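Novice: Here the sequence shown is numbered in my numbering, starting from 60 and rising by one per residue. Ideal placement from N, C-alpha and C gives every residue a C-beta, glycine not left out. In this text, all values refer to a predicted model and were calculated from it rather than measured experimentally. Dumping the structure here so I can ask a few things about it.
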Amino acid sequence: MKVLLINPRHYPHSMNFSHCMDIVGAKYSHMPLSLPTLAALTPGDCALEVLDENAGPVPAKTDADIVALSGSVPQRDRLFELADQFRQSGKLVVIGGPVTYDMPDECSAHADVVFIGEAEYTWPEFIKDYQKGDHKKMYRQQEWISMEDSPVPHYHLLKAEHYASGCIQVTRGCPNRCDFCDIPVRYGNQPRSKKIEQVLSEIRLLSGLGYDSVFIVDDNFAGNRPYAKELLRNIAALLPTLPAKMYFYTQATLDVANDDELLGLFRDAAFIRLFIGIETGDRNRLRELNKKHQADIDIKSAAEKLRSYGITVWAGIMFGLEGDDIASFDRQFEFIRDTNFIPVQIGLLQAVPGTPLYKRALDEKRFVRLPSIYGLTALSEEDIPKATNLVPQKMDEAELGENFARVLRKLLSPEFFRAKMVQYIESSSRDMKSSLPVFNGKTVMIVLRMLSFYLFRADRGTRKMFFQVLRVLLSHGLVSLDEAVFHLLVYKHMRTHYYRIADICEAGHENIPG
Ligand code: B12
Ligand code: SF4
Numbered sequence: 060m061k062v063l064l065i066n067p068r069h070y071p072h073s074m075n076f077s078h079c080m081d082i083v084g085a086k087y088s089h090m091p092l093s094l095p096t097l098a099a100l101t102p103g104d105c106a107l108e109v110l111d112e113n114a115g116p117v118p119a120k121t122d123a124d125i126v127a128l129s130g131s132v133p134q135r136d137r138l139f140e141l142a143d144q145f146r147q148s149g150k151l152v153v154i155g156g157p158v159t160y161d162m163p164d165e166c167s168a169h170a171d172v173v174f175i176g177e178a179e180y181t182w183p184e185f186i187k188d189y190q191k192g193d194h195k196k197m198y199r200q201q202e203w204i205s206m207e208d209s210p211v212p213h214y215h216l217l218k219a220e221h222y223a224s225g226c227i228q229v230t231r232g233c234p235n236r237c238d239f240c241d242i243p244v245r246y247g248n249q250p251r252s253k254k255i256e257q258v259l260s261e262i263r264l265l266s267g268l269g270y271d272s273v274f275i276v277d278d279n280f281a282g283n284r285p286y287a288k289e290l291l292r293n294i295a296a297l298l299p300t301l302p303a304k305m306y307f308y309t310q311a312t313l314d315v316a317n318d319d320e321l322l323g324l325f326r327d328a329a330f331i332r333l334f335i336g337i338e339t340g341d342r343n344r345l346r347e348l349n350k351k352h353q354a355d356i357d358i359k360s361a362a363e364k365l366r367s368y369g370i371t372v373w374a375g376i377m378f379g380l381e382g383d384d385i386a387s388f389d390r391q392f393e394f395i396r397d398t399n400f401i402p403v404q405i406g407l408l409q410a411v412p413g414t415p416l417y418k419r420a421l422d423e424k425r426f427v428r429l430p431s432i433y434g435l436t437a438l439s440e441e442d443i444p445k446a447t448n449l450v451p452q453k454m455d456e457a458e459l460g461e462n463f464a465r466v467l468r469k470l471l472s473p474e475f476f477r478a479k480m481v482q483y484i485e486s487s488s489r490d491m492k493s494s495l496p497v498f499n500g501k502t503v504m505i506v507l508r509m510l511s512f513y514l515f516r517a518d519r520g521t522r523k524m525f526f527q528v529l530r531v532l533l534s535h536g537l538v539s540l541d542e543a544v545f546h547l548l549v550y551k552h553m554r555t556h557y558y559r560i561a562d563i564c565e566a567g568h569e570n571i572p573g
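In structure tokens form, the structure reads like this:
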């Protein structure tokens with residue numbers, strides 16, 4: 060018996076950095092963790108093949124008995140296309156991943172078997188049932204699984220050279236309950252964690268395979284602080300024993316700034332970037348979003364504190380919040396300009412199914428349209444402006460689109476990025492950890508490709524910004540050179556992606572399906 064595991068391709072999104080992979084020299088930014096995890100859960104007597112379509116094509120034919128597709132809502136189009144294709148050729152098609160949670164009926168229409176939720180227990184159960192000739196049509200995980208039962212992924216089945224970063228999942232679940240967020244709904248309020256020893260062996264494995272950076276994909280890494288601290292201590296002790304230099308980044312909440320011990324441990328364990336959902340600088344809006352853990356924090360000084368520990372804050376920012384008016388766009392812009400973080404995920408508030416916001420919006424009949432399309436999980440860049448499934452309260456939809464486009468153009472302009480980089484370089488100091496692994500062939504090629512982009516392909520304004528940033532770097536003794544270079548790469552992606560969204564927003568809202 061043979062199983063083919065497939066991750067369908069993704070469109071460009073803010074967080075997958077597809078528009079700068081040509082410079083990085085990788086096929087895709089991150090490995091799809093579901094595939095090696097499912098591979099590790101597959102009994103040894105089954106033959107396995109793993110294909111990530113972001114890294115290479117999926118052939119039309121296979122000798123596998125079961126084709127197992129993994130995906131999230133943004134992949135749904137391609138996922139359903141592949142499912143139909145393999146079903147037509149007589150294969151048993153199964154679908155799992157976040158898409159099934161939000162779109163169970165659509166998935167059932169395209170698959171023979173659908174998995175809802177975590178698959179640590181249900182996948183091996185299905186394989187047994189299949190081997191007995193008695194499988195069900197749907198496997199649904201009811202209780203949260205114990206993360207101690209989530210195995211070491213079979214990382215070796217993916218090629219390290221295809222990805223800019225490796226991934227490890229340490230915990231699932233978040234203790235907070237932000238109004239718009241589906242994570243507590245999907246994974247619970249009680250963070251569940253792998254054994255520290257297992258996490259360390261996963262790091263060792265990735266390092267041995269040649270990865271020099273790891274995204275710890277947890278939605279809230281420090282949701283269980285004592286555990287996070289213990290893990291960081293262990294990672295710091297592990298680093299010198301690894302075959303090569305390695306650094307980490309993850310997702311957290313801004314209240315980590317209250318904990319100097321934790322920040323020191325992040326620094327010691329080479330955690331150099333934290334993605335934080337800052338959302339807005341307006342305290343009232345934060346309270347309305349039930350983002351209580353951040354509502355009383357002075358965001359500006361918290362971001363500066365994190366920077367002083369060598370941590371770059373990557374911010375998630377939202378526009379079009381309930382109660383926002385047109386003037387809110389400029390207030391938000393000024394807040395972003397004056398605060399020491401780099402905005403990487405910039406979106407409009409959407410009501411995602413299952414969240415408290417979604418329920419409230421349904422009760423109050425505040426939808427323009429019901430989602431199968433919602434922006435966070437938009438199918439393609441074209442979908443994103445169609446993403447406001449909430450009716451704006453203090454402006455009309457056209458005004459929301461126009462102002463979003465206007466502010467995106469300002470935030471992604473070379474002038475704004477230059478100012479952000481100056482802010483960044485000036486807040487760096489010499490004792491901050493370097494993220495550059497070593498000056499090897501790979502990094503030399505990245506720098507050469509980047510130079511070729513900025514010198515020969517970028518427009519005049521962007522090229523000018525590049526030289527200005529270089530000048531500031533030189534005048535500050537090349538402090539944080541590696542992170543500055545990295546952000547110049549990221550800028551290429553963000554500028555392309557968000558300008559495209561601005562173009563679509565400006566093209567008008569008559570494209571929006573009713
Ligand atoms: C890491 C991550 C990323 C990485 C890349 C991951 C990758 N290679 O594709 C990056 C940063 C690039 C990213 C980007 C985006 N992401 Co993302 N991401 C995550 C995150 C934090 C972890 C995913 C992960 O690795 N989990 C670990 C693995 C082991 O879990 P898993 O994939 O869920 O698989 C388990 C089960 O689902 C199941 N399963 C999965 N597949 C299958 C298949 C079969 C056959 C079976 C039986 C079971 C099964 O079994 C596994 C074990 O239990 C999740 C949130 C989360 N906590 O899951 C969001 C999440 C997947 N992302 C999301 C979104 C919206 C995005 C973006 C659109 C954001 C943006 N605006 O840019 C982009 C899309 C582009 C992309 N994915 O490349 C949403 C998707 C929502 C949805 N309803 O589908 C999620 C769920 C976050 C959320 N708040 O809801 N993301
Ligand atoms: S937004 Fe972040 S902090 Fe809030 S519930 Fe979601 S994962 Fe937790």
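Could you tell me which uninterrupted beta strand (DSSP E) segments, each at least 3 residues in length, are contained entirely in the region 259–289, listed from first to last along the chain?
Specialist: 272–275
Novice: So who's on the other strand from residue 310, going by DSSP bridges?
Specialist: By 1-based counting over the sequence shown, the position of residue 310 is 251. According to DSSP, residue 310 bridges with 334.
Novice: In chain order, which continuous runs of the alpha helix (DSSP H) of length 4 or greater are located wholly inside the region 83–118?
Specialist: 93–100
Novice: At 4 residues or longer, what runs of the alpha helix (DSSP H) sit wholly inside the region 473–502?
Specialist: 473–485
Novice: Classify residue 546: buried if its beta carbon has 16 or more other beta carbons within 10 angstroms, exposed otherwise.
Specialist: For this step, residue 546 is matched to residue 487 along the sequence shown. Buried, since its Cβ has 16 or more Cβ neighbours within 10 Å.
Novice: Per DSSP, which residues does residue 452 bridge with? Please list them.
Specialist: Taking the sequence shown and counting its residues from 1, one reaches residue 452 at position 393. Answer by DSSP bridge pairing: none, since residue 452 is not bridged.
Novice: Does the ligand SF4 have even one heavy atom less than 7 angstroms from the beta-carbon of residue 242?
Specialist: Residue numbering aside, residue 242 sits at position 183 when the sequence shown is read from its first letter. Yes, the ligand SF4 has a heavy atom inside 7 angstroms of this Cβ.
Novice: Less than 8 angstroms between the beta carbons of residue 124 and residue 61, yes or no?
Specialist: Locating residue 124 in the sequence shown gives position 65, counting from the first residue. Locating residue 61 in the sequence shown gives position 2, counting from the first residue. Yes, Cβ-Cβ distance for residue 124 and residue 61 is below 8 angstroms.
Novice: My understanding is that residue 216 touches residue 98, with C-beta atoms under 8 angstroms, so please give their C-beta distance in whole angstroms.
Specialist: Residue numbering aside, residue 216 sits at position 157 when the sequence shown is read from its first letter. Residue numbering aside, residue 98 sits at position 39 when the sequence shown is read from its first letter. Their Cβ separation, rounded to whole angstroms, is 5 angstroms, which keeps residue 216 and residue 98 in contact under 8 angstroms.
Novice: Straight-line CA distance for residue 551 to residue 79?
Specialist: For the purposes of this step, residue 551 is taken as the residue at position 492 of the sequence shown. For the purposes of this step, residue 79 is taken as the residue at position 20 of the sequence shown. Distance between the alpha carbons of residue 551 and residue 79: 6 angstroms.
Novice: If we count the other Cβ atoms within 10 Å of its Cβ and call it buried at 16 or more, is residue 402 buried or exposed?
Specialist: On the sequence shown, residue 402 is found 343 positions in, with the first residue counted as 1. The C-beta of residue 402 has 16 or more other C-beta atoms within 10 Å across all chains shown, which makes the residue buried.
Novice: Counting pairs of beta carbons, one from the region 269–277 and one from the region 216–235, are three or more of them closer than 8 angstroms?
Specialist: yes
Novice: So, with DSSP's three-state summary, where would you put residue 628?
Specialist: No answer is possible for residue 628: the residues shown for the chain start at 60 and end at 573.
Novice: Give the single residue among 526, 337, 458 and 233 whose Cα lies nearest to the Cα of residue 543.
Specialist: Within the sequence shown, numbered from 1, the residue matching residue 543 stands at position 484. Ranking 526, 337, 458 and 233 by Cα distance to residue 543 puts 526 first.
Novice: Using only CA atoms, which one of 242, 91 and 558 lies nearest to residue 231?
Specialist: By one-based count along the sequence shown, residue 231 stands at place 172. Taking only the C-alpha atoms, the option nearest residue 231 is 242.
Novice: For residue 254, count the other beta carbons within 10 Å of its own beta carbon; 16 or more makes it buried, fewer makes it exposed. Which is it?
Specialist: Within the sequence shown, residue 254 is the residue found at index 195, counting from 1. Under this definition residue 254 is an exposed residue.
Novice: If contact is defined by three or more beta carbon pairs under 8 angstroms, each pair taking one atom from either stretch, is the region 472–492 in contact with the region 391–406?
Specialist: Taking 8 angstroms as the limit for Cβ pairs, the verdict is that the region 472–492 does touch the region 391–406.
Novice: Is residue 317 near the ligand SF4, going by C-beta to nearest heavy atom under 7 angstroms?
Specialist: Position 258 of the sequence shown, counting from 1, holds the residue named residue 317. False, no ligand heavy atom lies under 7 angstroms from that Cβ.
Novice: In the DSSP assignment, find the beta strand (DSSP E) that holds residue 623 and state where it starts and stops.
Specialist: The chain is shown from 60 up to 573; residue 623 falls before or after that span and cannot be answered.
Novice: Distance, Cα to Cα, residue 503 vs residue 540?
Specialist: Against the sequence shown, residue 503 aligns to sequence position 444. Against the sequence shown, residue 540 aligns to sequence position 481. Looking at the two C-alpha atoms, the distance is approximately 14 angstroms.
Novice: Among 66, 115, 83 and 296, which has the Cα closest to the Cα of residue 510?
Specialist: Walking along the sequence shown from the start, residue 510 turns up at place 451. For the residues 66, 115, 83 and 296, the minimum Cα distance to residue 510 belongs to 83.
Novice: Identify whether residue 62 lies in helix, strand or coil by the three-state DSSP scheme.
Specialist: Mapped onto the sequence shown, residue 62 falls at position 3. In the structure shown, residue 62 sits in a strand (DSSP, three-state: E or B).
Novice: Could you work out which residue in 114, 239, 183 and 153 is closest to residue 417 when comparing CA atoms only?
Specialist: Indexing the sequence shown from 1 puts residue 417 at position 358. Measuring from the Cα of residue 417, the nearest candidate turns out to be 239.
Novice: Return the first residue and the last residue of the alpha helix (DSSP H) that residue 185 is part of.
Specialist: Along the sequence shown, one-based indexing puts residue 185 at 126. First-last of the alpha helix (DSSP H) with residue 185: 181–190.
Novice: If you measure between the beta carbons of residue 309 and residue 355, is that distance less than 8 angstroms?
Specialist: By 1-based counting over the sequence shown, the position of residue 309 is 250. By 1-based counting over the sequence shown, the position of residue 355 is 296. Against a cut-off of 8 angstroms, the Cβ pair of residue 355 and residue 309 comes out as no contact.
Novice: If residue 374 and residue 331 are in contact, beta carbons under 8 angstroms, what's the gap, nearest whole angstrom?
Specialist: Walking along the sequence shown from the start, residue 374 turns up at place 315. Walking along the sequence shown from the start, residue 331 turns up at place 272. Not really, about 15 angstroms apart at Cβ, beyond 8 angstroms.
Novice: So who's on the other strand from residue 197, going by DSSP bridges?
Specialist: By one-based count along the sequence shown, residue 197 stands at place 138. According to DSSP, which records beta bridges pairwise, residue 197 is partnered with 173.
Novice: Grab me the residues of residue 12's own chain with a C-beta within less than 6 angstroms of its C-beta, minus the 5 sequence neighbours each way, in chain order.
Specialist: Here the chain comprises residues numbered 60 to 573, so residue 12 is not present and cannot be evaluated.
Novice: In three-state terms, what does DSSP make of residue 127?
Specialist: Locating residue 127 in the sequence shown gives position 68, counting from the first residue. Note: residue 127 maps to strand in three-state DSSP.
Novice: At what residues does the beta strand (DSSP E) containing residue 323 begin and finish?
Specialist: Residue mapping note: residue 323 aligns to position 264 of the sequence shown, counting from 1. Not the beta strand (DSSP E): residue 323 falls in the alpha helix (DSSP H), residues 319–327.
Novice: Roughly how many whole angstroms lie between the Cα atoms of residue 202 and residue 87?
Specialist: On the sequence shown, residue 202 is found 143 positions in, with the first residue counted as 1. On the sequence shown, residue 87 is found 28 positions in, with the first residue counted as 1. Cα to Cα, residue 202 sits roughly 33 angstroms from residue 87.
Novice: With 8 angstroms set as the bound, which would you pick, yes or no: does the beta-carbon of residue 112 sit closer than that to a beta-carbon of chain B?
Specialist: Although the question refers to chain B, the structure presented lacks it and comprises just one protein chain.
Novice: Taking the straight line between their C-alpha atoms, what separation do you get for residue 319 and residue 228?
Specialist: In the sequence shown, the residue the question calls residue 319 occupies position 260. In the sequence shown, the residue the question calls residue 228 occupies position 169. Their backbone Cα atoms lie some 24 angstroms apart in a straight line.
Novice: Mind reading off the beta-carbon distance from residue 339 to residue 380? Whole number of angstroms is fine, and I expect it under 8 angstroms.
Specialist: Locating residue 339 in the sequence shown gives position 280, counting from the first residue. Locating residue 380 in the sequence shown gives position 321, counting from the first residue. With a Cβ gap of about 6 angstroms, residue 339 and residue 380 count as contacting.
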